[in-house]
Amino acid sequence: VCAGGQGPALSGLSLGELAERVGGRLIGDAQTHVVAVRSLDEAGPAHLSLIAHPREARRLRSTRAAAVLLDEGTAADQAHELPCAVIACEKPYRALRAALGLLHPSVGPSSGVDPQANVHPEAILGAEVFVGPLAVVGRALLGDRTQVHSLAFIDDDVELGSDCVVAPGCVLLRGTRLGHRVALNAGAIVGAEGFGYAPEGDANVKVPQVGGVHLDDDVELGANACVDRGALSDTRVGRGTKIDNLVQVGHGAQVGAHVVLVGQVGLAGGARIGDGAVFGGQSGCGPFLSVGEGARVGARAGVTRDVPKGAAVSGMPAYPHADWLKSSIRARDLDGLFRRLLAAEERICTLEARLVALDEEPHV
Amino acid sequence: VCAGGQGPALSGLSLGELAERVGGRLIGDAQTHVVAVRSLDEAGPAHLSLIAHPREARRLRSTRAAAVLLDEGTAADQAHELPCAVIACEKPYRALRAALGLLHPSVGPSSGVDPQANVHPEAILGAEVFVGPLAVVGRALLGDRTQVHSLAFIDDDVELGSDCVVAPGCVLLRGTRLGHRVALNAGAIVGAEGFGYAPEGDANVKVPQVGGVHLDDDVELGANACVDRGALSDTRVGRGTKIDNLVQVGHGAQVGAHVVLVGQVGLAGGARIGDGAVFGGQSGCGPFLSVGEGARVGARAGVTRDVPKGAAVSGMPAYPHADWLKSSIRARDLDGLFRRLLAAEERICTLEARLVALDEEPHV
Amino acid sequence: VCAGGQGPALSGLSLGELAERVGGRLIGDAQTHVVAVRSLDEAGPAHLSLIAHPREARRLRSTRAAAVLLDEGTAADQAHELPCAVIACEKPYRALRAALGLLHPSVGPSSGVDPQANVHPEAILGAEVFVGPLAVVGRALLGDRTQVHSLAFIDDDVELGSDCVVAPGCVLLRGTRLGHRVALNAGAIVGAEGFGYAPEGDANVKVPQVGGVHLDDDVELGANACVDRGALSDTRVGRGTKIDNLVQVGHGAQVGAHVVLVGQVGLAGGARIGDGAVFGGQSGCGPFLSVGEGARVGARAGVTRDVPKGAAVSGMPAYPHADWLKSSIRARDLDGLFRRLLAAEERICTLEARLVALDEEPHV
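Chains as they are written, first to last, in the numbering used here: chain A, 822 to 1185; chain B, 822 to 1185; chain C, 822 to 1185.
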């Protein structure tokens, strides 16, 4: 998030050196130089590329890239047919990260507090902290090397661990605790009021929300995503969990470690999500429901009852994904199904009439 | 919203005093002291708790809380079996609010305009107004005790009543009018341009949006929620309506009083929502449709035609909730239904063949 | 977006002059004066109005407006029955834009850099640029007459064409390129990190995102909408495309020209959307899928496979809209369908039993 920019290295690297440094096996000319990584469609003769999604594999043969990163199997099958060099490796994405580190080195902001930042005199800042222009930092604690970018707001009584990145326009409200290496994309809001009301006659009266939010180490939060403060106890997001843009995490939700919440997911208050669970885009989970460890919730699914550990569910209301796949094929032609039923009913009527007639025929 | 923080009172209260002050009946030791309110899971021996959602009731017997607030019926049934004291009361949520007021007193910001705020010289500020550092206030009107927090933007030609709270990062654009006690959570946007275009050949040309937005008394708006300005007349949200995070209210929508829009709901332009209607999470309503007073729209439902007063609808397109419940059970096994239909068709074929054969048998 | 305000002209215009200047034919008194445009419901005797949506037509006969803009056909049918004057025209929305330009002239901010803006000394600003108070502009390029409003953030290495409008609270991150006349509503985020992770054991490790974002001429982006930077190459949005509030455009998506994405739509990374496609509210598209030119995706639909050029799809998973319409009628009473099938099965059993009995009857 706004980590300071990643421009291409000026001189580039030879494919020979690159293959060695990313731990791959080169099939092609070791002397060719590449200067950057680009997508299959956009790569040219000085670029490295790879298949970013299985649906992109069809574009492999028409790429103009100098070289592509491929897993060993695909390399064995296809390297001889491709218009480019191949760096075969066990894990192309791991190699990609290494290649990006070499060709697109990240340049962080220099540390220091901008003279136009607004930092409370009692704020406690670790070593090499960066606070950008027009950021506001209250009586908060910022760990070493943590970056608070321009126009971000850190309330009183907020703690950030070391190596956190708070992008421009984020708001972290009172009672928020971040672990280490937590990254918040622009516009993310942590610690806003939970949506808790009690009916009084026609009206809904606010129930004070006195919990905070705890985001554990390595959590990442997408642009304009929201994690509300807990009503009575903290809302918690476990270590390594990744949350995409415009996701809503309601008050008091307990999200485990290494969970993935894809764009526009909504978790209602009190939801409990087990470690390693994955929510597809635009899916949701109702209040105070439990989704077990490693469960997979399909895109646009709506969880309305507890989901067991390891289960895969889809649909609204969500039910086992395998059943949903079968049902959704039939759902495309419910009208046809209905018409076949009508036809069957008519045939039954005819048969019934025929049998009645048989009964009435004189037994010879 | 960012109301200044709510820490536990230092000394706490005895259960006897607490029960009396929240209007409940104590079953247990009046001398036990509690210092804060926590959820059933997290409460310890110095905490008060309660059932925050029916799905939490199962956690009652394992709580380590000192005491729980229960409604009279549950208290009568279960108090003798619980590992804690009970404060029985008619309305546990009303008692909770009272208890929170005692144990977690809210501390607002002191009033005054921060020297680093940017306030237009012609802005009119009521008594005890608070404007935080790096907030921008144009030629606007702010009622008594209204708070505009850091990095919020109040445009020219905006009016806020008294006791409003505008959290950090909110944007209120020209033509916005707030009643009294309106609370906007962080990142909420009021008065952005409506999505109004007229086709001109292949292109879509913007239709100027000249209406404003009016949010009546006691409206609350969630984090990163958006209420667009009207195209021709104001977008209106009635008294006491509560709008959750990441909700979209389109241009010219007319939302009644005491309406509830849960997280990520979307109302298209021109929608008319009657008083007391409730939209479940991630549901939506199409343009220029009417949803009647007290209607309930289920989570993830999509309203595509008018909904009568008091109706409950679900599904996409939305239809009566009771029918949806029955249909959604059958929808889980459409393939089974289809296979049964196939089997029935085969049996009919067999019957038909048998009857033909009967007809052809020589009548002895 | 925050374009400086559009108040009514003081004196107004006579209907005669107005009709002439908007290119319409007046049916009514040419001397009547109107001062503003209002919706049918809210217009009074000094207001012009029109049917803003077909569902509003029923409100035409009860309007108190002085005059309404109608297309020639509706005018011919209804003008004699209406309680107001009529300006008949070929394209009422084009006439509306003209009328708004006359009655609600837009007042932009004066140009110049506010002394409280934070502009990098190496930023390059075109003629008549506006930078509002507490906006932050890095080493960026701003075209002529471009406006960057208060509390917006323009990173280093960002380019804006001429006549762009960046509303308060927007964030444009490194590698963002805007064409001319691009308008970003408040809180929009361009260039945040894509959601790209590679699994490493239990954990998900961030894949650096080194692409940028390119928004072509006349693109408009809604409040709190997000367009992520590309993983390897730029995310692109074509000329004239209009994107509503709270929409998510994932990393590397390639969105064509004159596309319409209604509120809360989500496009996953790598999605390819053809020119002129339209996504209804709250719909979504999966990763690396293609949606053809001019395709129409219904509200709340979920695209899970490629959509051909010109097709209309609905449902989740999305399938042809016409089929969806038929299926969704039957879906309302799946339980009834199921019960009819049960009844048919019983009748078949009866028939089978009867035939068995027939077979066993002694042939006389």
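Just so it is clear, CB atoms sit at the ideal spot from N, CA and C, and this is done for glycine as well.
Computed from a predicted model, the values in this text were never measured in an experiment.
Residue contact with chain C for Leu1172(B): present (Cβ-Cβ distance below 8 Å to some residue of chain C).
With fewer than 16 other Cβ atoms inside 10 Å of its own Cβ, Leu1163(C) counts as exposed. For Phe974(B), the three-state secondary structure derived from DSSP is strand.
The beta carbon of Tyr914(C) sits no closer than 8 Å to any beta carbon of chain A.
Residue ranges of uninterrupted alpha helix (DSSP H) with 4 or more members, entirely inside the region 902-987 of chain B and ordered along the chain, are 913-924. Boundaries for Ala1007(B): no beta strand (DSSP E) harbours it, and the DSSP string shows neither H nor E there. At a cut-off of 3 residues, the continuous stretches assigned as beta strand (DSSP E) that sit fully inside the region 1076-1149 of chain C are 1133-1135.
About 14 Å separates the Cβ atoms of Arg1050(A) and Gln1075(A), ruling out a contact at the 8 Å cut-off. Nothing from the region 861-895 of chain B brings a Cβ to less than 8 Å from some Cβ of chain C.
Between the beta-carbon of Gln1085(A) and that of Gln1085(C) there is about 7 Å, and that keeps the pair under the 8 Å contact cut. His1072(C) is positioned such that its CB atom lies closer than 8 Å to that of Gly1090(C).
In this structure Val858(C) does not touch Gly833(C) by the C-beta definition: roughly 11 Å separates them, more than the 8 Å allowed.
Of all residues in the region 1121-1145 of chain A, only Arg1121 place a beta-carbon less than 7 Å from a beta-carbon of chain C. The beta carbon of His1035(C) sits closer than 6 Å to the beta carbons of Arg998, Asp1055, Arg1057 from its chain, once the five residues preceding and following it are set aside; these are given in chain order. Annotated as distal: Gln968(A) and Asn939(C), with beta-carbon spacing of 8 Å or more. Your pair Gly996(B) and Asp978(B) checks out as a contact, with CB atoms roughly 6 Å apart and the cut at 8 Å. Of the candidates Arg1093(B), Gly894(B), Leu1088(B), Arg966(B), Leu1088(B) places its Cα closest to the Cα of Cys1106(B). Taking a Cβ-Cβ threshold of 7 Å, the residues of chain B close to Leu955(A) are Leu955, in chain order. Within the same chain, and ignoring the five residues on either side of Val952(A) in sequence, the residues whose Cβ sits closer than 7 Å to its Cβ are Val934, Asp935, Ala938, Val940, Val958, Val969.
The contact set of Phe1109(A) on chain B, defined by CB atoms closer than 9 Å, consists of Ala873, His874, Pro875, Arg876, Glu877 in chain order. DSSP places Thr1056(C) in the strand class (E or B) of the three-state scheme. In the DSSP assignment, Cys1170(B) falls within the unbroken alpha helix (DSSP H) covering 1155-1181. Sequence-distant partners of Met1137(C) (beyond 5 residues in either direction) whose C-beta falls short of 6 Å from its own C-beta, in its chain, are Gly1123. Phe1159(A) reaches chain C at Arg1151, Leu1158, counting residues in chain order whose Cβ is nearer than 7 Å. In the structure shown, the three-state DSSP call for Arg1151(C) is helix.
Shown here, Gly1032(A) sits in coil according to DSSP, grouped into three states, outside any helix or strand.
In the structure shown, Ala888(C) adopts extended strand secondary structure according to DSSP, grouped into three states. DSSP places Glu1021(A) in the uninterrupted beta strand (DSSP E) bounded by 1018-1021. The beta carbon of Pro989(A) falls within 8 Å of a beta carbon belonging to chain C, placing the residue at that interface. Under the three-state reduction of DSSP, Asp1038(C) is assigned to coil, being neither helix nor strand.
Chain order gives the chain A residues near Gln1085(C) as Leu1067, Gln1085, Gln1103, where near means a beta carbon separation below 9 Å. Chain order gives the chain A residues near Phe974(C) as Ser971, Leu972, Pro989, Gly990, where near means a beta carbon separation below 7 Å. Near chain C, meaning a CB-to-CB distance below 9 Å, the residues of the region 1035-1047 of chain B are Asn1045, Ala1046, Cys1047. Residue state for Leu994(A) is assigned as coil, using DSSP reduced to three classes. Contact check between the region 1015-1024 of chain C and the region 1017-1029 of chain A: fewer than three CB pairs, one atom from each, fall below 8 Å, which does not count as touching.
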